[in-house]
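Comments concern the structure below.
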Amino acid sequence: MRKDGTFIAVEVEDSAAADAAFAQKLTEVCPVDIFAQEPDGSLRIVDGNLDECVLCRLCIDADRDPAHPAVKVLKLYDAGALLV
Amino acid sequence: MRFFEYEAREIVKRAGIPVTDFGFATEPSQAREIAQRIGGPTVVKSQVLTGGRMKAGGVKFADTPEEAEAYARDILALEIKGHMPRGVLIDPKAEVAQEYYAGVVWDGPRKQPVMIFSPVGGIDIEQVAEEQPDKVGRRHFSNILPFSEFMAKEVIASTGVTGGALNKLVPILTRLAKVFVENDMTLAEINPLGQLADGSFVALDAHMDMENEARGRHAKLLADLGVGSEETRQAREATPFEIAGEEVDAQDHRGVAGNVTEFDGNLGLVIGAGGGSLTLFDAVRAHGGKPANYCEIGGNPSVAKACGLAKLVLTKPGVDQIAVMMSIVSNTRVDIVARGVIKACLELGYDPARKIAIFRIPGAWEEEGFKILEKYGVEYADRSVSLNEAARRAVEKIQGVAA
Ligand code: SF4
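Here the protein sequences come in this chain order: A and B. Residue 110 is where the first sequence starts when you use this note's numbering, and the numbers rise one by one after that. Residue -5 is where the second sequence starts when you use this note's numbering, and the numbers rise one by one after that.
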């Protein structure tokens, strides 16, 4: 799934988004509430908070397998550059 | 924050400065009782936080308690310059031989209080200073070191007052200086300070202004006087624009978008930085600009808060452009503010490059911030451009737009 704000876009692999435990982790780490959980535990990206992203990388550090990142934060004002 | 006259008189009285046997009433019947207690002609004065009471019919002279009650009834229903009275002050009509002036005011540029005295009272001290400058004595003093009676003596004597009057006035001015310093006042004024036929002095009217930020330190005094914490007591009521500014600030705990104050210019300001706002506001005016507002943004506001403030300013009637300026920031992020103000433009259907006259906020996360500004074509400046120069550029740009 991918959601775009004006300045920031967040993309999460569908399989990771469906993982309730991972969704809970992302919800806990993001300081500006960009992630939340649906009633079934799956991940929801909160559109209204996307542009509040402080580029802290906590969601990226929380990834399940750093070798195959499931979470991507893109800077739309910088030609979609990935936050690394 | 300003005090009503009856409160200011109470402060003066508590300081040991002689006052008349006044009373405060919120009902006409109370006014009659006070006039009865006083036992003689009285003055009934509207208690409003605005000038021009006499002209508006808010001050009346009563010969009997019944007359005082009738006048109180009229005055309590009388609106003066949009203000309804808090009550009426009932004062004995004093037989005054001479009216004097005594005041202490905060001198901002000198960062010190200044004591002002004149043997010509009952009128504006500015008028006396213009027409009879030799009748106005002044002296700055420390608000840290004790104020000595000798200092008061110097100020009074410089106006030609001598003898018994001088000796009686010295403790009054000394106590007034103490009231000013101990209560964090910005103004403590007795005008007129009446000299009665027997040579004694009595405060006939008083004006007091306390530093707003000091209210917490004087909670007991304010509680004693019945000043509610919800009372702003500012020089004027907040405008809808200013109330909307408070709402923007209250909607989000992150950062500050405070002290939003309305002016009638065409250049909206989104400014901040611990005193930098005042510098920037002054710089805009010094370069011939007309600010539409004042505000203080900082403390790492969220994008939503910066956006909300910018939207408020951009939608203010008469605003052509906004200038976004701060000193070098460490606890506020450049990129977050940039996102906020650009988002405000976009959501209102404006081109940020046209609506933002200049963005001059260097500091934390400026590389990201400048990338955002570049993408939207907004003119920005880094720390090599002074606040003064940024203000000049903003004014130059808006004057070009307005022309
Ligand atoms: S980088 Fe930080 S703020 Fe942005 S989405 Fe990830 S956790 Fe949230």
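Beta carbons: idealized from backbone N, C-alpha and C, even for Gly.
Helix, strand or coil at residue i according to DSSP, with G and I counted as helix
i         : result
Val225(B) : The amino acid occupying residue 225(B) in the given sequence is Glu; Val does not appear at that position. Three-state DSSP puts Glu225(B) in coil, outside helix and strand.
Pro346(B) : helix
His212(B) : helix
Asp118(B) : coil
Pro127(B) : helix
Asp199(B) : coil
Lys305(B) : helix
Ala129(A) : helix
Phe353(B) : strand
Val155(B) : coil
Cys289(B) : strand
Asn137(B) : coil
Met48(B)  : helix
Asn185(B) : strand
Pro107(B) : strand
Ala56(B)  : strand
Ser112(B) : strand
Met179(B) : strand
Ser378(B) : coil
Ile322(B) : coil
Phe275(B) : helix
Asp218(B) : helix
Leu93(B)  : The residue you asked about is not Leu; residue 93(B) is Glu in the sequence shown. Here Glu93(B) sits in strand by DSSP.
Val98(B)  : strand
Val37(B)  : strand
C-alpha distance - residue i paired with residue j, whole-angstrom precision
i         : j         : result
Phe195(B) : Arg169(B) : 13 Å
Ser142(B) : Lys305(B) : 53 Å
Phe257(B) : Glu240(B) : 16 Å
Val278(B) : Ile350(B) : 15 Å
Glu390(B) : Cys165(A) : 38 Å
Val264(B) : Glu290(B) : 7 Å
His177(A) : Leu192(A) : 15 Å
Ala9(B)   : Val173(B) : 7 Å
Glu383(B) : Gly269(B) : 17 Å
Ser23(B)  : Met202(B) : 28 Å
Ala146(B) : Lys7(B)   : 19 Å
His77(B)  : Lys181(A) : 59 Å
Gly371(B) : Pro346(B) : 7 Å
Ser112(B) : Gln126(B) : 10 Å
Gly154(B) : Ile5(B)   : 29 Å
Ala159(B) : Asn253(B) : 45 Å
Pro186(B) : Glu124(B) : 18 Å
Asp187(A) : Lys337(B) : 16 Å
Tyr374(B) : Ala179(A) : 36 Å
Ile110(B) : Phe16(B)  : 25 Å
Ala129(A) : Ile143(A) : 16 Å
Short Cβ contact (8 Å threshold) for residue i with residue j
i          : j         : result
Glu148(B)  : Arg133(B) : yes
Gly116(B)  : Lys75(B)  : no
Ala286(B)  : Gly259(B) : yes
Val42(B)   : Pro79(B)  : yes
Ala29(B)   : Leu190(B) : no
Ser151(A)  : Ala132(A) : yes
Val328(B)  : Gly357(B) : yes
Val163(A)  : Pro140(A) : yes
Ala200(B)  : Ala2(B)   : yes
Ile184(B)  : Ala88(B)  : no
Ile150(B)  : Leu163(B) : yes
Phe18(B)   : Leu83(B)  : yes
Asp246(B)  : Lys299(B) : yes
Arg377(B)  : Ile352(B) : no
Met(-5)(B) : Met179(B) : no
Gly188(B)  : Glu93(B)  : yes
CB-CB length for residue i against residue j, believed under 8 Å
i         : j         : result
Met319(B) : Ile355(B) : 7 Å
Val138(A) : Ala145(A) : Not quite, the Cβ-Cβ distance comes to about 13 Å (not below 8 Å), so this is no contact.
Lys310(B) : Gly266(B) : The Cβ separation is near 18 Å, so there is no contact.
Lys49(B)  : Val38(B)  : Wrong, their Cβ atoms sit about 16 Å apart, outside the cutoff.
Val98(B)  : Pro86(B)  : Between Pro86(B) and Val98(B) the Cβ distance is about 26 Å, and since that is not below 8 Å, they are no contact.
Asp167(A) : Asp113(A) : The residue asked about is misnamed: residue 167(A) is Leu in this sequence, not Asp. Contact doesn't hold; Cβ gap of about 20 Å is too wide.
Thr36(B)  : Ala62(B)  : 5 Å
Arg173(A) : Ala127(A) : At roughly 12 Å, the Cβ-Cβ gap does not stay under 8 Å, so Arg173(A) and Ala127(A) are not in contact.
Val307(B) : Ile316(B) : 6 Å
The ligand SAH heavy atom lying under 7 Å from the CB of residue i
i         : result
Leu139(B) : Summarising the ligand content, the structure contains the ligand SF4 and does not contain the ligand SAH.
request  = Report the residues of the stretch 286 to 304 of chain B with a CB closer than 8 Å to any CB of chain A, ordered along the chain.
outcome  = Under the 8 Å Cβ criterion, the stretch 286 to 304 of chain B contributes Ser296, Val297 and Ala298.
Near-chain A residues of the stretch 2 to 29 of chain B (beta-carbon distance less than 9 Å), N- to C-terminal order = Under the 9 Å Cβ criterion, the stretch 2 to 29 of chain B contributes no residue.
key: Residues in the stretch 146 to 176 of chain A having any Cβ partner in chain B nearer than 8 Å   = Listed by position, the residues of the stretch 146 to 176 of chain A near chain B (Cβ gap below 8 Å) are Asp160, Glu161, Val163 and Leu164.
Residues within the stretch 40 to 58 of chain B neighbouring chain A, beta-carbon criterion of under 9 Å = Cβ contacts with chain A come from no residue of the stretch 40 to 58 of chain B.
ask   = At a Cβ cut of 7 Å, what residues of the stretch 333 to 354 of chain B count as close to chain A, listed as they run along the chain?
value = Within the stretch 333 to 354 of chain B, the qualifying residues are Arg333, Lys337 and Leu340.
query = Mind listing which residues of the stretch 115 to 144 of chain A have their C-beta closer than 8 Å to chain B's C-betas, in chain order?
reply = The residues in question are Thr115, Phe116 and Val141.
task = Can you give me, in chain order, the residues of the stretch 363 to 395 of chain B that have a beta carbon less than 7 Å from any beta carbon in chain A?
result = Residues are counted here when their Cβ sits less than 7 Å from a Cβ of chain A; for the stretch 363 to 395 of chain B these are Lys365, Ile366 and Lys369, given in chain order.
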